[in-house]
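Chemist: Provided herewith is a single structure, encoded as structure tokens, for subsequent inquiry.
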Amino acid sequence: MAEGGQGLQIRLLGEVRLTAPDGSEVRIPSRRSQALLAFLVLSGGRSLLRTAVAEILWPDSAAEQARASLRQELAVLRKALRQAGLEPVEAGKDRIRWTGAAPVADVTELERRSAAGSLGDLRQAAAICGGLFMQGFSLRSEAFMDWLEAERARLRTLSLTALDEQLRASEEAGDAGRIALAAEQLLTIDPMREAAHRSLIRAYAALGRRSDALRQFETCRAALSRETGAAPSAETEALAARIRASDPLPEPVRTPSARDGAAVLVVHLPEIAALPPATDPETLAGVQAQFAALAQRTVTGLEGRMLPGVGDRVVALFTGGPEAEIRAALAGLMLTDEPLPIEGGMLHPAGGLSSGLVALDAASGRVAGRSLQAAVQVAHRAAPGELRADLAMREVLAEDYALTEVAGTLRVVPPDVPVTMPTPTPPAPRRDVPQGPAAEAQWQDWRAAMRRGDLRTAASIGDRTAALPAEAGGVGQVMTGITRLFRGRVGAAEAVLTHAEALYTLPDLFGIDPGLSGRCLHPWVQCLRGAPGRAGEALRRAVSEAQGAGHPETLMACLVVSALMQDSLGETVGAEAAARAAHDAAGDWPDWQAFALGLLGRARDRLGDAAGTTQIAEALSAYRASGAALAVPFFHVWLAEAHLELGDAAEALVQADEGLSHGAATGVLLVEPDLLRLQALALVHQGRGGEGQAEAGFIASMESARRAGSGLYRLRAAVSYAGHLRREGRVRDAIRRLEEGLAAIEPGGPPTADLKAAQALRQRLAMD
716 MAEGGQGLQI RLLGEVRLTA PDGSEVRIPS RRSQALLAFL VLSGGRSLLR
766 TAVAEILWPD SAAEQARASL RQELAVLRKA LRQAGLEPVE AGKDRIRWTG
816 AAPVADVTEL ERRSAAGSLG DLRQAAAICG GLFMQGFSLR SEAFMDWLEA
866 ERARLRTLSL TALDEQLRAS EEAGDAGRIA LAAEQLLTID PMREAAHRSL
916 IRAYAALGRR SDALRQFETC RAALSRETGA APSAETEALA ARIRASDPLP
966 EPVRTPSARD GAAVLVVHLP EIAALPPATD PETLAGVQAQ FAALAQRTVT
1016 GLEGRMLPGV GDRVVALFTG GPEAEIRAAL AGLMLTDEPL PIEGGMLHPA
1066 GGLSSGLVAL DAASGRVAGR SLQAAVQVAH RAAPGELRAD LAMREVLAED
1116 YALTEVAGTL RVVPPDVPVT MPTPTPPAPR RDVPQGPAAE AQWQDWRAAM
1166 RRGDLRTAAS IGDRTAALPA EAGGVGQVMT GITRLFRGRV GAAEAVLTHA
1216 EALYTLPDLF GIDPGLSGRC LHPWVQCLRG APGRAGEALR RAVSEAQGAG
1266 HPETLMACLV VSALMQDSLG ETVGAEAAAR AAHDAAGDWP DWQAFALGLL
1316 GRARDRLGDA AGTTQIAEAL SAYRASGAAL AVPFFHVWLA EAHLELGDAA
1366 EALVQADEGL SHGAATGVLL VEPDLLRLQA LALVHQGRGG EGQAEAGFIA
1416 SMESARRAGS GLYRLRAAVS YAGHLRREGR VRDAIRRLEE GLAAIEPGGP
1466 PTADLKAAQA LRQRLAMD
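Counting in the numbering used here, the sequence shown runs without a single skipped number right up to 1483 at its last residue.
Rendered as structure tokens:
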């Protein structure tokens, strides 16, 4: 692992982006971690005082709490960089700094080139400019925003100077392509430059892009009217009139793009070769057309791009860092799981995945690079109905899919079908003798790890215990299922918790009865999966059993789960009753009491009680004071949603960021899709240039829900995203996203609040 930032590329001009040395994107989920990164990058290797950074990023917190928050954000940032194979941040007791080799940062390169001042350096500087410094970024901190605005002003001046020079030189050379690029960059930073609008209009016209030229004139008119109330000058009006009067020109051939990191998916129909020679060619053509249409829907629905294929083979490209590889794998699994009917039988697609650097020709749509050849080779090793991946993709796919190595490739299996999960041993009937000290000790250690949010340790304990015989192994499976649930692997959790139905243990031995815990959580997991069905009835049976057992802590835990499930389904009155009962029963357990108090505040807030938000915040403080950490992201979801309802988008954004930071630091990722959704909604409501980030946030929310296997969170994200798209006038995209979310819900289930919201939005979209 590299100690410094060698090979790390950091983009701060425009939206914040990090690229690892291998070309993959490094995701930093928290905005404060991104702010901390910017401080370190711009420090030029100088050390920063912890107290000063904490005061800027958390101005409303007490000194000790601000330092604790800084420790958490440092953990998030260092974890993200460590996943890229780097350890560039040195954190001492009082100071932090970037150590080792300097990263390749667009900001520092812009400063260096601008300071050199030669024509060549200014042109190089122009190529770097990608927008305003940390465009669309904001924090609820006056000190930070003052620093941010000062940096934006300084770097904006450097960028405009370089771009002005690049535009002038391109116009002298008569290079329409370079003129368009420089003018586009200039207008990203300063949309009020009418001369740059004219340059871009002329360049588009010269390139044959007449419609783009006229559209740019309308963009210019709208910008001037919005900001100054003025109309375009006579010169600009005359330019647009000349273009309107001209004949349409052909679109120019564009040059290949720069090389980008991407995932390549190749899927083909290997069984075609075994069809009888007399097979009707028209029948084959029909099957291939059906296959191509299915691939087109699947790939574009997962933000991929179809490339030219040959006959029975389709090729798709996915870009955007490690998330692209996950989306490519999902597309491959969906396509290989869809047999195609043909006279006399079925054809089963086979797929291959690879990733790496590619070069894409935007004109022809063709792609070149080693990863394309690798994907083709891997696809031809796959059996019909199977998806294989290049061995180099093991690390990025391992968290989301079950992998087995076969003939130098990886066989990829959906996470809901574990290939190595041990077969559970049917437990013996309930008995009044202890099931063994090993399981008891492991259970207590596991509970302690879960309480403090140490999910890595909890998962290890669960795996070890699941290997024990008889009832002890069953207890271990419950541990594994619950740990997977809070790690945000809902589908994998259900696969294990299903076996808890037959597990009986002695609550006095374990503190909280593992068997009843599993039986209570299983219905909630089904709801999160998007299949509530008879979950309510199953949970009522489990709560009734807990009441009959006469064990207070088990009953309290079941009541808390009942409140969570009813809250998930939008049954707020029932959630309030269950939370109140749990709170009344939790007097001897401060962490449970605080969590139940938070649930009660959540219900009060949703029922319109203004005091609910304050109660949630107080409960969060009490929960932290108890030493517990597992449920912290839930509180941040409730607070973010409450502040959005109050119209305080800035505070909602803070809460969503805090929840994502905690999840990234601890691995508690169950509510990550909801936090990403609320973060995107807050950006939309702020309306401060974060629309692009907001749309990326909605997509990230749906993708996070897909990875988790949560149909409920996927539908919820789809409704929010589709509502945003509808307001933007993008009705077709809104319908597609909404249908994608509805497809994740089991048909015929009860009409939950999210399903009702989706159906109401569907009706409105049908009328648009």
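All C-beta atoms, glycine included, are put in the ideal place defined by N, C-alpha and C. Just so we're clear, the structure is a prediction, and the values are computed from it rather than from any experiment.
1) Quick one: using the 10 Å Cβ neighbour count with 16 as the cut-off for buried, is residue 1269 buried or exposed?
2) Looking only at its own chain, which residues have a Cβ that is under 8 Å from the Cβ of residue 920, when we skip the five neighbours before and after it?
3) Could you tell me whether the Cβ atoms of residue 749 and residue 768 are closer together than 8 Å?
4) Can you give me the Cβ contacts of residue 1467 inside the same chain, cut-off strictly under 7 Å, excluding the 5 residues immediately before and after it?
5) Less than 8 Å separating the beta-carbons of residue 1190 and residue 1198?
6) In chain order, what residues of the same chain have a beta carbon less than 8 Å from the beta carbon of residue 950, not counting five sequence neighbours either side?
7) Please give the ranges of any alpha helix (DSSP H) in the region 1423–1475, keeping only runs that are unbroken, at least 4 residues long and fully inside the region.
8) Please report the distance separating the alpha-carbon of residue 1137 from that of residue 1085.
9) DSSP three-state label for residue 1286, please.
10) Going by beta-carbon coordinates alone, are residue 794 and residue 1415 separated by less than 8 Å?
11) Would residue 1330 and residue 1354 qualify as a contact pair, given that the criterion is a beta-carbon distance under 8 Å?
12) Less than 8 Å between the beta carbons of residue 1089 and residue 1065, yes or no?
13) Leaving out five residues on either side along the sequence, give the residues of the same chain with a beta carbon under 8 Å from the beta carbon of residue 1480.
14) Determine the extent of the beta strand (DSSP E) in which residue 921 is found, giving its start and end residues.
15) Using 8 Å for Cβ pairs, my map puts residue 1242 next to residue 1261. What's the rounded Cβ distance?
16) Which residue marks the beginning of the beta strand (DSSP E) containing residue 1061, and which one marks its end?
17) List the endpoints of the continuous beta strand (DSSP E) containing residue 1126.
18) Using CA coordinates, which residue listed in 826, 757, 747 and 758 is at the minimum distance from residue 790?
19) Do you know offhand how far residue 849's Cα is from residue 872's?
20) Taking contact to mean 3 or more Cβ pairs, one atom from each stretch, closer than 8 Å, check whether the region 1381–1401 and the region 757–773 are in contact.
21) Have a look at residue 973 and residue 788 and give me their C-alpha separation to the nearest angstrom.
22) At which residue ranges does the region 1347–1413 contain complete alpha helix (DSSP H) runs of 4 or more residues, listed in the order of the chain?
23) Quick one: what does DSSP say residue 1028 is sitting in, helix, strand or coil?
24) Just the C-alpha distance for residue 1002 and residue 1049, rounded to the nearest angstrom, thanks.
25) Assign residue 1200 to one of three DSSP states: helix, strand, or coil.
26) From the DSSP output, in three-state form, read off residue 763 for me.
27) With contact counted as at least three CB pairs below 8 Å, one residue from each stretch, are the region 1307–1316 and the region 1332–1343 in contact?
28) Helix, strand or coil: how does DSSP classify residue 874 here?
29) I'd like the list of long-range same chain contacts for residue 743, defined as Cβ closer than 6 Å, with 5 residues on each side in sequence excluded.
30) Leaving aside the five residues before and after residue 1464 along the sequence, list all residues of the same chain whose C-beta is less than 7 Å from its C-beta, in chain order.
31) What residue range does the beta strand (DSSP E) around residue 1315 cover?
32) Hey, how far is the Cα of residue 992 from the Cα of residue 982?
33) Please classify residue 1061: is it buried, with 16 or more other beta-carbons within 10 angstroms of its beta-carbon, or exposed?
34) Within the continuous beta strand (DSSP E) that includes residue 805, where are the two ends?
35) Give the secondary structure of residue 1165 by DSSP, where H, G and I count as helix, E and B as strand, and everything else as coil.
36) Can you check DSSP and say which residues form a bridge with residue 733?
Modeler: If we stick to the structure as given:
1) buried
2) 928, 958, 961 and 964
3) no
4) 1247, 1284 and 1285
5) no
6) 913
7) 1426–1442 and 1446–1457
8) Confidence at residue 1137 is low in this model, with a pLDDT of 33, below 50, so the placement of that residue is unreliable and no value is reported for it.
9) coil
10) No, they are not a contact pair.
11) no
12) no
13) 1437, 1441, 1446, 1449, 1450 and 1453
14) Residue 921 -> not in any beta strand (DSSP E); alpha helix (DSSP H) instead, spanning 909–921.
15) Between residue 1261 and residue 1242 the Cβ distance is about 19 Å, and since that is not below 8 Å, they are no contact.
16) Looking at the DSSP string, the run of the beta strand (DSSP E) that includes residue 1061 is 1060–1062.
17) Residue 1126: member of the beta strand (DSSP E) spanning 1124–1128, first to last residue.
18) 747
19) Straight-line Cα distance between these residues: approximately 15 Å.
20) no
21) With a pLDDT of 32 at residue 973, under the threshold of 50, the modelled position of that residue is not reliable, and no figure is offered here.
22) If we require 4 residues or more, the alpha helix (DSSP H) runs fully inside the region 1347–1413 come out as 1347–1360, 1364–1381 and 1387–1401.
23) Strand, per DSSP.
24) 17 Å
25) helix
26) strand
27) yes
28) helix
29) 749 and 795
30) 1246, 1247 and 1248
31) Premise fails: residue 1315 lies in the alpha helix (DSSP H), 1305–1321, not in any beta strand (DSSP E).
32) Near 23 Å, if we compare the C-alpha coordinates of residue 982 and residue 992.
33) exposed
34) 804–806
35) helix
36) 725 and 741
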